[in-house]
């Protein structure tokens, strides 16, 4: 299963790695003194949408878990998975002229490269970490 806590409406910020790298370069070239920067291309991706996209790629159901179930399923990551983290990059974009151009998180998940065997490799007994047999 691909799980989310509660109704999955908690929001996560997201950024493609290449967009984050561009922002990092801009920040090194012209850092605004004393200013915090947010590398956020998408400000509010519902965690349920993330779990559903992962589930589609892995052909698994997306399942809502209670807080207790989420704690067991996600372990030490449960508080993070359940956190609502709306984050804005409006000031970052304004101050540095940063404009993310790469795919958003859901589109990037649906591309499938996160799930290739070259990423995960084979685990014990010839089964890779996403459950496919070699």
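In our numbering, the protein residues as written are 240 to 373.
In this text, a Cβ means the ideal position worked out from N, Cα and C, and glycines have one as well.
In the DSSP assignment, residue 302 falls within the beta strand (DSSP E) that extends over 301–304. In terms of Cβ geometry, residue 343 and residue 259 do not form a close pair [threshold 8 Å]. In the three-state reduction of the DSSP assignment, residue 271 falls in the coil class.
Selection 267, 293, 251 evaluated against residue 346 yields 293 as nearest (Cα-Cα). Taking the Cα positions, residue 274 is about 15 Å away from residue 326.
Distance from the Cα of residue 302 is smallest, within the candidate group 252, 290, 323, for 290. Contact between the region 252–272 and the region 327–337 is present: 3 or more CB-CB pairs across the two stretches fall below 8 Å.
In the DSSP assignment, residue 337 forms no beta bridge with any residue. The alpha carbon of residue 276 has as its nearest neighbour, out of 339, 331, 318, 335, the alpha carbon of 331. Residue 253 carries a strand assignment under DSSP once its states are collapsed to helix, strand and coil. Distance from residue 349 to residue 296 at the Cβ level is roughly 7 Å; contact confirmed, criterion being Cβ atoms closer than 8 Å.
Membership of residue 278 in any beta strand (DSSP E) is not indicated, and neither H nor E is assigned to it by DSSP.
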